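Taken in order, the sequence shown gives residues 1 to 253; the numbers are from UniProt numbering. Beta carbons: idealized from backbone N, C-alpha and C, even for Gly. Remember, predicted model here, so these are calculated numbers, not experimental data. Only one structure is covered here, and it is reproduced in the block below.
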Amino acid sequence: MQNTILRTEKLCKSFSSGGVQQHVLKNLDISLMEGDFTIIMGSSGSGKSTLLYALSGMDRPSLGEVHFAKANIAKLSNDQLAIFRRNHCGFVFQQIYLLDNMSVLDNMLASALLVSRNKRELTAKAKQLLSQVGLEEATWGKFPSQLSGGEAQRAGIVRALINDPKIVFADEPTGALNSASSTNVLDIMTRINRSGQSIVMVTHDFKTALRGNRILYLRDGMICGDLRLDAYDEGQHQARHDKLDAFLAEMGW
């Protein structure tokens, strides 16, 4: 039986623009389950990324609560939030934020050493993870500018995993990649989810959404659709494709 890993209560987010209050998220009650690969979809401006940032503590809700890892993170101070994210969250973005003046391996260690001081153990762990995502030793000493987009995103996934996060949050992680690199990154995300890693991902891409086992659809800041699928299986691709296609058509996607 799955456990709830994150839940929100009456989650709201508003912005003021030109003296006009814009309500981006509206009274969201969401429960996310441990081990799920949750996909957040919706049209442009529906609040997808805003929701992801509120769930992960990267942004504060205007009202409501976010209960994650035994804490209401909406109530934490800025310093507490920074520590919380470092210890419990992994992040993968469309734009890959690796430090340009550090090698790939040192980028991984820069994140890991903020949590643990055992450099020898962390170095071995980083090398193991880099190998697991297909980045061989020849790339470990390279700088980010020397990597392809796909290689850099795979390094970004390792950085997200290095501190054993409870959830990996991903915002359009394949948006800037070509088709081959995109498939490679999705294969890695699928594999780590099968190992038990909880993932929450924002995407507008149908092929990416197929990898999830739960699809939340936002419209005007509210959840208007919630589709549950079996774990991803290439052998059942057509049935999965048809089910997701019908769901998104119903949502007006």
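Using only the alpha-carbon positions, how far apart do residue i and residue j sit?
i: L114; j: M102; result: 16 Å
i: A74; j: I167; result: 17 Å
i: S198; j: S16; result: 33 Å
i: M201; j: R120; result: 32 Å
i: Q80; j: H88; result: 12 Å
i: E34; j: I192; result: 13 Å
i: F206; j: K48; result: 15 Å
i: D100; j: K142; result: 10 Å
i: A138; j: I157; result: 18 Å
i: T38; j: D230; result: 12 Å
i: D245; j: Y232; result: 15 Å
i: D106; j: R194; result: 28 Å
i: K243; j: N118; result: 47 Å
i: Q236; j: D59; result: 38 Å
i: H241; j: E234; result: 10 Å
i: L55; j: M1; result: 23 Å
i: N213; j: Q146; result: 35 Å
i: G196; j: S31; result: 17 Å
Nearest to residue i by alpha carbon, out of the options?
i: D36; options: L248, I215, G235; result: I215
i: S94; options: T203, L244, L248, N213; result: In the sequence as presented, Ser is not what sits at residue 94; that position holds Gln. It is T203.
i: I223; options: Q2, G42, A54, A239; result: G42
i: A82; options: S111, L99, A231, N178; result: S111
i: G252; options: Q132, M189, S44, K142; result: S44
i: T4; options: V66, R86, D59; result: V66
i: V133; options: D106, N118, Q146, T183; result: T183
Would residue i be called buried (16 or more neighbouring beta carbons within 10 Å of its own) or exposed?
i: G19; result: exposed
i: R228; result: exposed
i: Q153; result: buried
i: R159; result: buried
i: M189; result: buried
i: S124; result: Correcting the residue identity first, residue 124 is Ala in this sequence and not Ser. That one is exposed.
i: A249; result: exposed
i: S179; result: exposed
i: residue 316; result: This structure does not reach residue 316, given that the chain is present from 1 up to 253, and the question cannot be answered.
i: N78; result: exposed
Who are the near neighbours of residue i in its chain, counting only those whose CB is closer than 8 Å to its CB and skipping five residues on each side?
i: G64; result: T8, E9, K10, L11, C12, N27, L28, A74
i: A71; result: F84
i: S181; result: S148, G149, G150, Q153, T174
i: G57; result: V66, F68, I73, L76, L81, F84, R85, C89
Are residue i and residue j touching if we call contact CB-CB under 8 Å?
i: residue 308; j: S116; result: This structure cannot speak to residue 308, because the chain is shown only from 1 to 253.
i: F68; j: L6; result: yes
i: V24; j: T50; result: yes
i: A126; j: I96; result: no
i: A176; j: V104; result: no
i: L98; j: P144; result: yes
i: F247; j: G225; result: yes
i: W140; j: L130; result: yes
Give every residue of the same chain whose Cβ lies closer than 7 Å to the Cβ of residue i, excluding the five residues on either side of it in the sequence, and list them in chain order.
i: L186; result: T174, T208, R211
i: S62; result: C12, K13, S14
i: L52; result: I40, F169, D171, V200, V202
i: P165; result: H88, C89, G90
Considering only residues of the same chain and omitting the five flanking positions on each side of residue i, which have a CB-CB separation below 6 Å?
i: S46; result: L218, R219
i: Q22; result: F15
Flag residue i as yes if its beta-carbon sits less than 8 Å from any beta-carbon of chain B, otherwise no.
i: G45; result: In the displayed structure, chain B is absent; only one protein chain is listed.
Can we count residue i as close to the ligand GDP, meaning its CB is less than 7 Å from some heavy atom?
i: Q128; result: With respect to the ligand GDP, the structure offers nothing, as it holds no ligand at all.
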